[in-house]
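Residue numbers (the working numbering): 90 to 682. Presented below is the structure to which this report refers.
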Amino acid sequence: MTNQEIAKILQEIGEYLEMQDVPFKPRAYEKVAEVIASFQEELSDIYKKGGLKAIGEIPGVGASIAGTIEELLKTGRSKHYEELKKKTPVNLSELSSVEGLGPKKINVLYRKLGITDLKELEAAVKTHKVKSLEGFGAKTEENILKGIGFLKLHEGRFSLGEALPIARSISERLSKVEGVERVEIAGSLRRMKETIGDADFLAIAKDPKSVMDFFVSMPEVGHVYGKGETKSSVKLKNGMDMDLRVVPKESYGAAMSYFIGSKDHNVLLRQLAIKKGFKLNEYGLFEENRKTKKQKNIKKEGNWFKVAGETEEGIYEKLGMKYIPPEIREAQGEIEASLNDQLPDVIGYDDLKGDLQVQTNWTDGKNSIEEMAKAAIAVGLDYIVITDHTKRLAMANGLDEKRIRQQWKEIDEINKKLEPENLKNKKPFKILKGTECDILKDGSMDLPDEILEKLDVVGASVHSLFNLSKEEQTERVKKAMNNPNVDIIFHPTGRLINKRPAYEVDMDELIAEAKKTGTVLEIDAFPDRLDLKDEYIRKCVKTGVKMSIDSDAHAAVHFNVLEFGIAQARRGWAEKKDIVNAWPVEKMLGMLK
DNA sequence: GCCGTTTTCGGCCCGACTGTTTTCAGTCG
Numbered sequence: 090m091t092n093q094e095i096a097k098i099l100q101e102i103g104e105y106l107e108m109q110d111v112p113f114k115p116r117a118y119e120k121v122a123e124v125i126a127s128f129q130e131e132l133s134d135i136y137k138k139g140g141l142k143a144i145g146e147i148p149g150v151g152a153s154i155a156g157t158i159e160e161l162l163k164t165g166r167s168k169h170y171e172e173l174k175k176k177t178p179v180n181l182s183e184l185s186s187v188e189g190l191g192p193k194k195i196n197v198l199y200r201k202l203g204i205t206d207l208k209e210l211e212a213a214v215k216t217h218k219v220k221s222l223e224g225f226g227a228k229t230e231e232n233i234l235k236g237i238g239f240l241k242l243h244e245g246r247f248s249l250g251e252a253l254p255i256a257r258s259i260s261e262r263l264s265k266v267e268g269v270e271r272v273e274i275a276g277s278l279r280r281m282k283e284t285i286g287d288a289d290f291l292a293i294a295k296d297p298k299s300v301m302d303f304f305v306s307m308p309e310v311g312h313v314y315g316k317g318e319t320k321s322s323v324k325l326k327n328g329m330d331m332d333l334r335v336v337p338k339e340s341y342g343a344a345m346s347y348f349i350g351s352k353d354h355n356v357l358l359r360q361l362a363i364k365k366g367f368k369l370n371e372y373g374l375f376e377e378n379r380k381t382k383k384q385k386n387i388k389k390e391g392n393w394f395k396v397a398g399e400t401e402e403g404i405y406e407k408l409g410m411k412y413i414p415p416e417i418r419e420a421q422g423e424i425e426a427s428l429n430d431q432l433p434d435v436i437g438y439d440d441l442k443g444d445l446q447v448q449t450n451w452t453d454g455k456n457s458i459e460e461m462a463k464a465a466i467a468v469g470l471d472y473i474v475i476t477d478h479t480k481r482l483a484m485a486n487g488l489d490e491k492r493i494r495q496q497w498k499e500i501d502e503i504n505k506k507l508e509p510e511n512l513k514n515k516k517p518f519k520i521l522k523g524t525e526c527d528i529l530k531d532g533s534m535d536l537p538d539e540i541l542e543k544l545d546v547v548g549a550s551v552h553s554l555f556n557l558s559k560e561e562q563t564e565r566v567k568k569a570m571n572n573p574n575v576d577i578i579f580h581p582t583g584r585l586i587n588k589r590p591a592y593e594v595d596m597d598e599l600i601a602e603a604k605k606t607g608t609v610l611e612i613d614a615f616p617d618r619l620d621l622k623d624e625y626i627r628k629c630v631k632t633g634v635k636m637s638i639d640s641d642a643h644a645a646v647h648f649n650v651l652e653f654g655i656a657q658a659r660r661g662w663a664e665k666k667d668i669v670n671a672w673p674v675e676k677m678l679g680m681l682k
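What follows is the structure, given as structure tokens:
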């Protein structure tokens with residue numbers, strides 16, 4: 090059993106106990122589920138090495154939960170969980186994904202109406218059976234219906250953060266099948282879109298049949314739509330659809346171009362090819378017979394001769410274009426820019442030097458300042474800013490004036506400890522003092538200015554009152570930007586992909602205000618945020634507003650999400666000069682207020 | 001159910017909002 094599966098069961102045990110109004114235990118289970126979900130090492134490995142004792146050493150795990158984990162690892166089941174599930178046999182994860190529905194309400198819906206899943210819930214709401222229940226009403230019905238609608242809107246779409254690791258794992262296994270020369274991820278996943286409908290793979294193989302056999306019989310495959318010599322389609326058990334295409338080596342570049350898309354981009358590219366006297370399809374770029382007869386290295390195909398196709402670069406060259414990074418192939422002016430040699434030099438995946446939003450166990454993070462710093466060093470960063478929450482966010486144990494001053498002392502000590510001579514790579518590394526300070530309802534800050542002005546980096550966030558009117562919300566954030574100590578607005582629209590829409594805010598106005606006040610806007614790299622989204626990034630680039638790409642790490646493993654933020658920045662045409670934490674620390678600090 | 005330079009027993013993060021009620025339960029962060 091994987092950590093994710095174990096975490097999910099512990100989480101559900103907590104929710105079941107919550108239904109029965111059991112005090113304190115739900116918290117214990119929820120907490121431990123969170124810890125395990127973001128645990129670096131697989132519990133099965135820990136158990137293999139150190140047995141029950143090692144499991145018990147995980148923070149939050151006591152005798153009882155250790156026993157449950159052991160049972161899960163050994164048998165794949167938990168008696169405790171199954172007994173609870175028997176009492177209330179509902180699809181918990183499905184029902185609680187509806188905004189506003191928690192364990193208590195789910196319990197009432199099951200007891201009174203026998204509702205076990207989303208479909209039954211929707212039917213009950215539509216026939217107005219729900220509003221007469223005690224504690225429910227017309228408004229609750231309305232909200233549930235809205236919640237279901239939002240879930241449905243994203244049905245079948247996976248976030249980049251969910252899809253990419255799965256696709257990479259499969260791509261790696263495919264590439265090891267005998268006779269396979271090369272495998273690439275294509276489609277929207279290759280363009281690093283924030284959500285994807287399905288995953289496409291492209292392969293060169295001497296023996297297509299063996300790779301197709303392998304593909305359709307992978308353990309995670311739940312259903313095979315079809316299987317052929319050049320194309321197979323499957324649905325994974327988790328609901329994700331996947332296609333594998335095997336193409337000949339000589340068409341590989343053309344196939345890449347065709348299957349990376351986007352569709353709109355392809356249409357424009359083919360139109361351009363026609364205009365220049367070519368024909369472009371997934372097999373190659375072709376020129377008419379008479380013109381190319383005498384040239385070498387040209388393969389005949391009907392009345393047309395192939396002039397390019399093995400590589401994408403070759404096709405671009407023949408069309409008089411510069412190579413276009415997959416992330417910006419969205420028919421947003423990139424073809425024209427390519428023809429005129431005006432493509433952006435988009436930020437590279439190795440270009441970040443620092444991370445300006447990092448949480449620690451001083452508040453709701455899992456790891457200490459030192460652990461986060463070491464993890465940052467390990468991924469090659471030169472500096473991080475510690476930005477724990479502030480007191481308004483009581484659930485996260487947010488810092489007040491007294492505790493943040495204490496934190497500064499610890500940061501100073503660890504900085505000394507991490508002097509270059511004490512590090513393996515001997516490279517300077519710096520922990521900076523910062524905050525993720527709540528923006529209160531009136532736009533004022535949750536910490537006094539005399540604290541903020543002492544910090545290296547001040548980030549400000551909206552964490553409450555998401556339902557203010559657009560005008561109020563915009564004014565609120567604008568006021569924060571005008572605070573002379575506020576350097577960055579973190580996750581500026583507050584959206585959670587597939588879960589919660591952004592709060593109402595006028596982004597054009599905020600971008601203009603950011604320009605005026607010299608405030609940085611963050612690209613939060615956490616895959617369920619990716620906030621700013623690509624179109625706003627592009628607007629910032631055009632306006633000259635600087636941005637930062639931050640992990641929003643709440644655990645040492647989270648620095649790997651920076652990749653998603655960089656991808657998002659690339660999709661927004663951002664260059665190194667637009668991203669302040671792609672700069673050395675002095676230059677970055679010099680730019681801030 | 002977990003945890004301990006306040007405790008091996010007695011605490012456990014808590015304020016705000018919503019929608020239901022007419023003082024409060026449930027949910028969220």
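Just so you know, even glycine gets a beta-carbon here, dropped at the ideal spot from N, CA and C.
Going along the chain, which residues of its own chain have a beta-carbon closer than 6 Å to the beta-carbon of residue i, five neighbours each way excluded?
{"i": "TYR118", "result": "LEU99, ILE102 and GLY103"}
{"i": "LEU541", "result": "VAL547 and ASN574"}
{"i": "LYS515", "result": "PRO509"}
{"i": "LYS407", "result": "LEU374, VAL396 and ALA397"}
{"i": "LYS320", "result": "ARG334"}
{"i": "LEU536", "result": "THR479 and CYS526"}
Leaving out five residues before and five after residue i in sequence, what residues of the same chain have Cβ atoms less than 8 Å from its Cβ?
{"i": "VAL650", "result": "GLY250, ALA614, PHE615, PRO616, SER640, ASP641 and ALA642"}
{"i": "PHE225", "result": "LYS194, VAL197 and VAL219"}
{"i": "SER185", "result": "GLU104, GLY191, PRO192 and ILE195"}
{"i": "LEU441", "result": "LEU470, ILE638, LEU651, ILE655, ILE668, ASN670 and ALA671"}
{"i": "ASP434", "result": "GLU664 and LYS665"}
Looking at the ligand COA, does it come within less than 7 Å of residue i, judged from the CB to the closest heavy atom?
{"i": "SER637", "result": "Annotation note on the ligand COA: not contained in the displayed structure, which lists no ligands."}
What first and last residue would you give for the alpha helix (DSSP H) that runs through residue i?
{"i": "PHE290", "result": "Run containing PHE290: none in the alpha helix (DSSP H); it sits in the beta strand (DSSP E), 287 to 294."}
{"i": "LYS193", "result": "192 to 202"}
{"i": "LYS142", "result": "132 to 145"}
Nearest to residue i by alpha carbon, out of the options?
{"i": "ALA658", "options": "GLU131, LYS628, ALA644 and HIS647", "result": "LYS628"}
{"i": "VAL272", "options": "LYS218, VAL335, GLY454 and GLN446", "result": "VAL335"}
{"i": "PRO254", "options": "PRO337, LYS665 and ILE285", "result": "ILE285"}
{"i": "ILE493", "options": "HIS478, LEU512 and GLU502", "result": "HIS478"}
{"i": "GLY238", "options": "LYS588, MET636 and ILE668", "result": "LYS588"}
{"i": "LEU291", "options": "LYS338, GLU664, ASP597 and GLN446", "result": "LYS338"}
{"i": "THR452", "options": "GLU460, ALA483 and GLY350", "result": "ALA483"}
{"i": "ALA462", "options": "TYR170, MET680 and GLU499", "result": "GLU499"}
{"i": "ARG246", "options": "LEU278, GLY189 and GLU94", "result": "LEU278"}
{"i": "LYS163", "options": "VAL187, LYS137 and GLU188", "result": "LYS137"}
{"i": "VAL150", "options": "ALA122, LEU161 and GLU675", "result": "ALA122"}
{"i": "VAL551", "options": "THR524, HIS580 and ASP576", "result": "HIS580"}
Could you spell out where the beta strand (DSSP E) holding residue i opens and where it closes?
{"i": "LYS316", "result": "310 to 316"}
{"i": "LEU445", "result": "443 to 447"}
{"i": "GLU273", "result": "269 to 275"}
{"i": "ARG334", "result": "330 to 335"}
Can you find the residues in the same chain that come closer than 7 Å, C-beta to C-beta, to residue i, ignoring five residues on each side of it along the sequence?
{"i": "LYS368", "result": "ALA362, PHE375 and TRP393"}
{"i": "ILE436", "result": "ILE655, ALA658, ARG659, ALA663, GLU664, LYS665, ILE668 and ALA671"}
{"i": "LYS522", "result": "ILE475, TRP497, ILE500, LEU544 and ASP545"}
{"i": "LYS559", "result": "GLU593, VAL594 and ASP595"}
Is DSSP giving residue i helix, strand or coil here?
{"i": "PHE615", "result": "coil"}
{"i": "VAL609", "result": "strand"}
{"i": "TYR42", "result": "Beyond the ends of the chain as shown, which are 90 and 682, falls residue 42; an answer cannot be given."}
{"i": "ASP639", "result": "strand"}
{"i": "LYS395", "result": "strand"}
{"i": "VAL547", "result": "strand"}
{"i": "ASN370", "result": "strand"}
{"i": "LEU529", "result": "coil"}
{"i": "SER321", "result": "strand"}
{"i": "LEU106", "result": "helix"}
Buried or exposed: which applies to residue i, given that a residue is buried once 16 or more other Cβ atoms fall within 10 Å of its Cβ?
{"i": "LEU554", "result": "exposed"}
{"i": "THR476", "result": "buried"}
{"i": "ALA671", "result": "buried"}
{"i": "GLN496", "result": "buried"}
{"i": "ASN456", "result": "buried"}
{"i": "ALA645", "result": "buried"}
{"i": "VAL356", "result": "exposed"}
{"i": "HIS217", "result": "exposed"}
{"i": "ARG200", "result": "exposed"}
{"i": "PHE348", "result": "buried"}
{"i": "LEU141", "result": "exposed"}
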